[in-house]
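Student: Shown below is the structure under consideration.
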Amino acid sequence: MSNTPIIMGTGRIELDYFNSTIGQFTYRYQIRTDGIKFIHPKTQNLISAFELVEQQLANEPFGLKQSSYAKLNLFLFSLENYFSVDLIHEADQVILTVTHLDPFGPSIDPVFKDLSLTFVESKSEDTTTLTVNGQVTLNLFNNEIILQAKFSPDVGLQFNYEQANNRGLLPLNNIGTLELSRLSVSQPALETLSPQVLFTFDEDSGNTIFDGAIDMNPPINLTIEDESVVSRLTGGLTVNPKASSLIASAPIQKGTVNPVTRLVEACQETDELTIEAWVKPANTTQEGPARIVTLSRNTSRRNFTLGQGMWGDSPSDVYDVRIQTSSTNSNGIPSTTTPAETLTTELTHVVVTRKNSGEVRIYVNGVQCIEQIVEGNFAKWEVGRYRLALANELTGRRPWAGDYYYIAIYNQALDEHQIAAKYAPEVTTEGTLTLGDGFGVMANQRIKTRLDYHLGKGTLSAKMDTAVDIGSQFHFNSLNLEWRKSFDELGWQLTGQG
């Protein structure tokens, strides 16, 4: 298990404080498994919650402006609808509260509401501890279930079912009834994930996008060379670039080390790559491909590029990925491209993975869209004049317009399970399922069942270990069923898989 802390959320606080001699009033922050860390606006150094209130704010009373916000990694699908936040200092505690009462969820399925979380950092002598309390309401099969927050340094934040706060028997439309014994909302298997580069776009001004990856030095910060083509969102950045606009890592200076060196070397060690992005394209007509994120030198030399569209008469409502290996040319051709109409103007979670065995996969909103074999290794990757850039090629003429909310780059290929959990948390339920009259010989039997609700696919999978005889010729020791959610009065419909 990695000793690197897990980032559970990020955001920005803007202080409502009347003593102007204190200095800076805006702080970005990370909610981590090792505590709440604030980023000093001048030095960009991390400071603890107690360093903020005791040293930076000199223990003076303060409040937060309404523009302060939080984003939770468990619920990144709500990046356009940020969560409210408050910060309180009481004796030996710093308390950060995060609330969001309105319904929220992935795409058109707002299954959560009434979020209320309290992160409490307590100090005792020379040590601090973080505890988390709170709850969220989950609408599961038209049943509202109150889930309690649980925190551990190993797995981060999750929510669990407690019978005392809920009814135990749930009616499931077109399925039967479920006597609930356990339910969890979590992001499993993420404790090993440490991005090499992380942009969360929490800056409120200036021309720098800061790299927030933990324990990665030097940071690969990006400079916005023309601020007239960007505008700040709450926790995001809108870019409407000109042909020559550039948002990129530092240009190479004689006698200095290119900051992308560590990223290149890390990926060469594994011959693996993941590019994760939460973006909202401005339109479906951009082409070139238009560069969403690229590590390249010019239009024909790159290590990797995630782009929109292709060129000529080819579709522009697609994601196109170029990764240079020892079996491709220096432009990363042949590229891997999603099917037409994959790209929309909605907030989208797009993930590119490349395994050292050659498989390149593109996932959109937690679901795989394409797989292609790109053999070879990353030995041909270059540093030289290569830079990491957003929204255009280093030499211009490939601009991409849209909104950025989150970019992470890893030197490992995340698997399907991890990617689905990065898009939306895993909802796992255990209990006793009684199938309805429509299930023939299975009707009205009480069966111990595990139910997995895939929020990205809108599917419910049931795994049941039970002996079933159908006639005299067929005997089953287990049964797996899958339902797909219907956004009308029909509720859940059996897909025919089983």
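Once you know that position 55 of the sequence shown is 50 in my numbering, the rest is easy, because the numbers rise by one and skip nothing.
Even for Gly, the Cβ is constructed at its ideal location relative to N, Cα and C.
1) Evaluate the contact criterion for the segment 319 to 339 versus the segment 416 to 426: three or more CB pairs, one atom per stretch, below 8 angstroms.
2) Using CA coordinates, which residue listed in I42, D81, F205 and W306 is at the minimum distance from L232?
3) Using CA atoms only, rank isn't needed, just tell me which of N137, T331, G379 and V378 is closest to Y358.
4) Compute the Euclidean distance between the alpha carbons of G163 and R23, then round it to the nearest angstrom.
5) Using the Cβ count rule (16 or more neighbours within 10 Å means buried), how would you classify D121?
6) Using CA atoms only, rank isn't needed, just tell me which of K417, I26, P36 and M211 is closest to A44.
7) Output the residue ranges of the alpha helix (DSSP H) runs that lie fully inside the segment 238 to 311 and measure 4 residues or longer, sorted by chain position.
8) Tell me the DSSP secondary structure of F500 in three-state form.
9) Quick one: what does DSSP say I2 is sitting in, helix, strand or coil?
10) Note down, in chain order, each residue of its chain lying with its Cβ closer than 8 angstroms to the Cβ of T339, except the 5 sequence neighbours on either side.
11) Grab the span of the beta strand (DSSP E) containing Y401 for me, first residue to last.
12) Just mark L152 as buried or exposed, buried being the case when its beta carbon has 16 or more other beta carbons within 10 Å.
13) Which residues mark the beginning and the end of the alpha helix (DSSP H) in which I414 is found?
14) Quick one: what's got a C-beta closer than 7 angstroms to Y399's C-beta in the same chain, skipping five residues either side?
15) Tell me which residues share the same chain as A403 and place their Cβ nearer than 6 angstroms to its Cβ, disregarding the 5 neighbours each side in the sequence.
16) Can you have a look at K71 and say buried or exposed, based on whether 16 or more other CB atoms are within 10 angstroms of its CB?
17) Would you mind working out which of P166, F146, T113 and T123 sits nearest E139, comparing C-alpha positions?
18) Which parts of the segment 416 to 447 are runs of the beta strand (DSSP E), unbroken and 3 residues or longer, counting only runs that do not cross its ends?
19) Would you grab the beta carbon distance between T88 and V115 for me? Rounded to a whole angstrom, and I think it's under 8 angstroms.
20) In whole angstroms, what separates the C-alpha of I42 from that of G207?
21) Measure the alpha-carbon distance for W478 versus S179 and round it to whole angstroms.
22) Mapping DSSP to helix, strand and coil, what is V313?
23) Given that a residue counts as buried once 16 or more other Cβ atoms are within 10 Å of its Cβ, and exposed if not, what is V252?
24) Nearest to F20 by alpha carbon, out of S200, G431, Q263 and E264?
25) Would you report the Cα separation of Q143 and P236, rounded to the nearest angstrom?
26) Helix, strand or coil for E222 per DSSP?
27) Suppose contacts are defined by Cβ-Cβ distances below 8 angstroms. Is T333 in contact with I365 by that definition?
28) State the DSSP-derived secondary structure class of Q88, mapped to helix, strand or coil.
29) With respect to the beta strand (DSSP E) encompassing T172, which residues constitute its N-terminal and C-terminal limits?
Tutor: So, from the data block:
1) Contact between the segment 319 to 339 and the segment 416 to 426 is absent, because fewer than three Cβ pairs lie under 8 angstroms.
2) Ranking I42, D81, F205 and W306 by Cα distance to L232 puts F205 first.
3) When each option's Cα is compared against that of Y358, the closest is T331.
4) The alpha-carbon separation between G163 and R23 amounts to approximately 42 angstroms.
5) Its Cβ having fewer than 16 others within 10 Å, D121 is exposed.
6) Of the candidates K417, I26, P36 and M211, the one whose C-alpha sits nearest the C-alpha of A44 is I26.
7) The segment 238 to 311 contains these whole alpha helix (DSSP H) runs: 256 to 265.
8) One cannot answer for residue 500 here, as it falls past the ends of the chain, which runs -4 to 493.
9) In the structure shown, I2 sits in a strand (DSSP, three-state: E or B).
10) Counting only Cβ-Cβ distances below 8 angstroms, and skipping sequence neighbours, we find P276, T279 and D312.
11) Note, Y401: beta strand (DSSP E), G397 to Y405.
12) Looking at its Cβ environment, which holds 16 or more other Cβ atoms inside 10 Å, L152 is buried.
13) Note, I414: alpha helix (DSSP H), E411 to Y418.
14) Contacts found: F196, G231, L232, V234, V274 and L385.
15) Here the set comprises P190, L193 and E271.
16) This sequence places Leu at residue 71; Lys is not what is there. Classification for L71: buried.
17) The residue with the shortest Cα to Cα distance from E139 is P166.
18) Those beta strand (DSSP E) runs which fall completely within the segment 416 to 447 and span 3+ residues are 421 to 430.
19) The sequence shown places Gln at residue 88, not Thr. Under the criterion of beta carbons closer than 8 angstroms, Q88 and V115 qualify as touching, at roughly 6 angstroms.
20) Going from the Cα of I42 to the Cα of G207 covers about 14 angstroms.
21) If I take the Cα positions, the gap works out to 19 angstroms.
22) Under the three-state reduction of DSSP output, V313 falls in the coil class, being neither helix nor strand.
23) When all chains shown are included, V252 counts as exposed.
24) Ranked by how close their Cα comes to the Cα of F20, the residues S200, G431, Q263 and E264 have S200 in first place.
25) Distance between the alpha carbons of Q143 and P236 is about 44 angstroms.
26) Three-state result, E222: helix.
27) By the CB criterion at 8 angstroms, T333 and I365 fall inside the cutoff.
28) Strand, per DSSP.
29) Residues G171 to S181.
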